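As structure tokens, the structure follows; a few thoughts come after it.
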Amino acid sequence: MVQLSVVLPVYVKDKSNSNVVIEYLQQSANSIINQSFLDWELIIINDGSWDDDNCSLKSLLQSYQEQDKRIKIITHLENKGLVYCLNDAIINHSKGNYIARMDCDDISNPNRFHLQYQYLESNLNIGVVGCPVKVFNDNSSETIEQLFNNENSSNSNRIIQHPDKDLANWSMIFNCCLVHPSVMMRRSVFRKYSSKYPHIEDYSLWLKLITKYKVNVSNIQLPKPLLLLRKHQHSISSQYLDIQKKSSIQSSCHYLKKLLMDQLNNNSSTNAIEQLVKEDIMEILLFPSVISKSIEKVEEIPKCIQLLEVIEEAFSKIESFTLSRDILKESTNERIGELVSICMSSYPNHPTSLSVWTKWLSRNPTSQLVSLLSSSNPSMLFKQSPTTATTPKLVNRNLNKNGIRVVVFSKDRAFQLNQYLRTFYKYSVKDKENQFIIDMVVIYTYSEAKYQQSYQSVIDRYTTNDSNSNILFIKEENFTQELQVYAIQQNPYHYIMFAVDDIIYYNDFNLGVYAKELENNPDCLGFYLKMNSYITYCHTCDESISVPIDRVVITTNANDINNNSNNKSNGIMKWDRSKPDCKRDWNYPFDLCSTIYKTEQVDLILKNIIKYYGIKTGISHPNRLEFNGNRVIIQKQSYIHLPYCLSPTEPIMSVVTINRVQDVNDNPFYTANDQDNNTLTLDQLDQLLFNTDFNDQQYSKQLFNSVHIGDVYFI
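For the sequence shown, the residue numbers in the UniProt record's numbering are 1 to 715.
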């Protein structure tokens with residue numbers, strides 16, 4: 001049996017649009033024929049198209065069928081409509097385990113089917129998956145390749161990125177968050193399309209699958225589109241907007257009521273559902289902007305908020321849905337916040353504005369408070385400083401590729417920060433021309449005043465005129481804001497590397513060479529200085545791990561490329577972290593232990609952390625930053641298209657885990673092989689500042705099988 005059936009209807013209305021439709025169809029069909037995923041059948045339905053003796057559509061379809069046996073043609077003598085075409089093709093003619101949709105005027109990325117198939121194979125609890133879509137039109141000056149690479153994009157060529165499995169089911173109640181021609185679904189979950197709600201056959205199907213059959217839906221999270229969605233005057237969505245809006249309200253109302261009745265089957269809930277699930281209420285939830293257009297809508301907002309809380313309760317009871325209670329609550333807060341924001345900005349003196357504001361505050365989503373106030377322009381409540389009211393800047397696309405921003409985090413450990421800086425600059429190899437810029441920012445903090453002077457001593461050492469370093473020291477006041485400012489907004493470089501103060505370097509490394517290799521390998525997410533060919537133990541999990549079997553050495557002598565290193569030969573290796581044998585440290589993609597990333601990718605990771613986990617719990621601390629960054633990449637599969645990693649083959653550094661300063665997500669001290677660890681108190685270390693150093697040469701003589709070590713060697 002074939003794995004994938006692709007269903008593509010085509011309809012030529014009359015002679016006037018014949019040539020245009022045929023041109024679009026060729027682009028669409030060719031994008032399927034050129035897929036990297038090969039196990040498919042393409043079913044093209046000619047739905048009663050206009051015909052004459054010289055019709056080129058017939059010839060085109062016949063040529064496709066003759067050239068590729070995977071292509072089937074179904075011909076209707078009269079136009080039967082999209083719903084009939086899809087149901088007939090899928091139920092009576094398709095053979096695939098998976099069904100993919102495609103419209104005759106859209107274009108698929110060559111890797112679309114491969115990535116969607118891989119996603120469904122890896123996420124067995126997901127029934128339907130969509131993908132990022134870019135909207136374009138025939139007036140675009142960009143080539144197809146540029147559109148897929150997201151180059152020089154204007155607002156008219158915007159990317160549609162809908163929620164993944166954590167939010168898609170919930171979001172579907174309020175808007176269609178699966179773009180129909182972008183989906184792939186399991187045959188086992190498919191149910192017939194219905195024509196009950198005109199021109200939204202897809203949305204009503206998704207609602208039915210979610211509410212009646214408890215199917216989980218999702219969208220692949222990628223920074224680039226997998227489908228180009230063409231907008232033109234003949235497209236259905238352009239012709240029937242009012243009908244689609246009305247149908248969406250009716251369909252959502254119908255299926256939501258069934259879901260709530262099923263989950264909340266008590267008398268009080270039933271009465272509330274009957275009173276709340278009405279078309280005028282659903283119109284506000286689906287199209288909140290109507291509030292600002294009619295003052296009568298304001299009176300309905302309390303009912304909208306009440307309904308949102310009822311929906312929240314119902315979704316929390318459905319165990320099969322991939323939606324955590326925390327995300328559910330935060331998403332409900334966001335929906336309520338949007339209604340309150342529009343209400344307050346449009347009708348600040350209306351009594352309902354105060355009541356819904358009070359209601360919103362009672363749910364107390366403090367992490368979203370400033371965001372809400374910024375968007376609603378509430379000068380009536382309090383004045384904000386210019387810095388708190390500004391919208392975060394996007395990454396400058398013209399970032400300098402000949403430099404890197406290194407961001408180091410330190411708390412209470414001036415001694416270890418000094419060792420980090422000392423060994424970093426000692427072993428960092430520069431090219432002959434010294435053109436690759438290394439720009440460092442240290443964000444430090446301390447829990448007791450006695451450590452302040454120690455940090456000041458380190459600052460004085462590295463900011464003197466005779467220092468060769470380029471370091472900006474920032475006393476942490478607001479970690480979230482400082483992270484966004486110094487890592488992204490004010491970072492002029494194409495690359496960024498995070499680091500923590502308990503790292504020690506003991507062999508030469510060349511950040512310029514590593515950044516170049518990252519650029520030369522566009523399928524790689526990062527360059528991980530902490531990894532090497534000897535890492536076979538994961539300290540944080542106290543577990544043995546294996547070096548990836550399929551790793552490939554792509555450069556044999558990275559440090560010596562510029563003939564400026566006396567260190568032993570150290571190559572660069574590449575591995576696929578998605579492989580089954582890559583566990584723990586070998587599949588820990590977002591790491592603060594000296595990993596090089598592209599700044600634009602870190603920007604997207606931070607945005608996704610805030611999107612899914614909020615600011616307060618998302619990036620308020622280095623440990624939360626790292627933990628949630630991995631949740632975004634692994635659980636959300638944000639970088640499924642970048643499965644590869646780079647690292648040196650030989651050791652460069654270790655994390656000396658001899659004390660603990662974290663206040664969240666604590667890691668254990670190093671206790672490998674049940675040996676006594678060499679823990680030192682912070683006060684003991686503080687007394688050593690400038691009196692001694694770690695013996696980095698002694699570390700260089702060892703071969704450690706773990707990234708984290710407990711060995712302490714002093715000079």
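Note that beta-carbon positions come from the ideal geometry of N, C-alpha and C, so glycine has one too. Since the model is a prediction, treat every value here as computed from it, not as a measurement.
On the criterion of 16 or more Cβ atoms from any shown chain inside 10 Å, does residue i qualify as buried, or is it exposed?
i	result
I549	exposed
P351	exposed
K15	exposed
D585	buried
Y613	buried
Y213	exposed
R335	buried
R230	buried
D164	buried
P492	exposed
K208	buried
E330	buried
Q484	buried
L177	Looking at the sequence shown, residue 177 is not Leu but Cys. Flag for C177 reads buried.
I295	exposed
I91	exposed
L361	exposed
Could one say the Cβ of residue i lies closer than 8 Å to chain B's Cβ atoms, at least one of them?
i	result
F190	In the structure shown, chain B does not exist; there is a single protein chain.
Look at residue i and residue j and say whether their C-beta atoms are less than 8 Å apart.
i	j	result
N169	L323	yes
L529	I438	no
N123	Q3	no
L227	C304	no
Y11	D105	no
S638	Q221	yes
I596	I404	yes
V6	L61	no
Y534	P651	yes
L120	F415	no
I605	G629	yes
F473	I488	no
P589	I633	yes
T480	S647	no
T640	L115	The question names Thr, but residue 640 is Ile in the sequence shown. Cβ distance < 8 Å, so I640 and L115 count as in contact.
F321	N216	yes
Y82	P9	The amino acid occupying residue 82 in the given sequence is Leu; Tyr does not appear at that position. Yes, the Cβ-Cβ distance between L82 and P9 is below 8 Å.
N532	T657	no
Which residue's Cα is closest to the Cα of residue i: the options?
i	options	result
I281	L256, S269, T270 and I44	L256
T599	H494, P643 and Y84	H494
I715	D693, V707 and K13	D693
L86	I71, L77, M102 and E78	M102
T211	I311, I554 and C541	I311
W40	S49, Y117, N109 and V356	Y117
N418	N149, Y427, S447 and R461	R461
L518	L689, I291, V129 and M573	M573
G48	Q67, N30, T75 and R70	T75
N17	A29, L42, L57 and L115	L57
Y347	V298, T617, N587 and F473	V298
I160	E142, I144, I284 and H180	H180
residue 716	Y505, S294, N705 and V602	Because the chain spans 1 through 715 in this model, residue 716 falls outside it and cannot be assessed.
D431	K475, A515 and Q456	A515
N507	N402, N478, Y427 and D166	Y427
W50	L38, H199, T555 and V21	V21
K72	E78, L82 and I33	I33
L77	I45, H93 and A89	I45
R325	I609, L167, T463 and K411	L167
Got a sec? Which residues, its chain only, sit under 8 Å from residue i by beta carbon, not counting five neighbours each side?
i	result
V277	C253, L256, K257, L260 and L307
L592	F409, F498, A499, V500, P622, L625 and E626
How is the alpha helix (DSSP H) around residue i delimited, first residue to last?
i	result
K246	L241 to Q263
P302	I301 to S316
W206	E201 to T211
L525	Where L525 is concerned, there is no enclosing alpha helix (DSSP H), although the beta strand (DSSP E) it sits in stretches over C524 to Y528.
List the endpoints of the continuous beta strand (DSSP E) containing residue i.
i	result
M102	Neither: M102 is in no beta strand (DSSP E) and is coded neither H nor E.
E482	No beta strand (DSSP E) holds E482; the alpha helix (DSSP H) holding it covers F479 to L483.
W586	W586 -> no beta strand (DSSP E), and no H or E assigned at all.
S292	No beta strand (DSSP E) holds S292; DSSP gives it neither H nor E.
Once the 5 residues before and after residue i are set aside, which same chain residues still bring their CB inside 6 Å of it?
i	result
Y420	D501 and I503
L372	Low per-residue confidence applies at L372: pLDDT is 46, beneath 50, and the placement is therefore not dependable, though the value from the model is reported in the following sentence. If we look at L372 and ignore the five residues flanking it on each side, its Cβ neighbours are G337 and S341.
I'd like the list of long-range same chain contacts for residue i, defined as Cβ closer than 7 Å, with 5 residues on each side in sequence excluded.
i	result
M1	K95 and N97
L286	F174, N175, S248, I249 and S252
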